[in-house]
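Notes follow the structure.
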Amino acid sequence: MPAVACPITDCDYVTDDLDATIVAALITAHSAVHIPKREHAAKVNYPLLCACSVALYCMYTSFMQVN
Ligand SMILES: [Zn+2]
């Protein structure tokens, strides 16, 4: 099977001239690069963690003030 280029615009990834099964596997594995899920998750989780830490800190300080 001839080399197959990544279908994503502006991506210059091209597989080697390999067996069709391997080329398909390479393209599939490479396509994960274009899935932005992890980036979004990291951006969403970080503020959530901060909010959680602030909430815990507030609970702790109010607990200390009461006692
Ligand atoms: Zn690509």
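Its first residue numbered 1, the sequence shown is counted upward by one per residue in our numbering.
We put the beta carbon where it would ideally sit given N, CA and C, even for glycine.
- Distances from the CB of valine 4 to the heavy atoms of ligand 1 are all 8 Å or more.
- Checking the DSSP bridge columns, you'll see alanine 5 partnered with Val14.
- Secondary structure of isoleucine 27 (DSSP, three-state): helix.
- 9 Å or more divides the Cβ of aspartate 12 from the Cβ of alanine 3.
- Exclusion of valine 23 from the 8 Å shell around ligand 1 follows from its C-beta lying no nearer than that to any non-hydrogen atom of the ligand.
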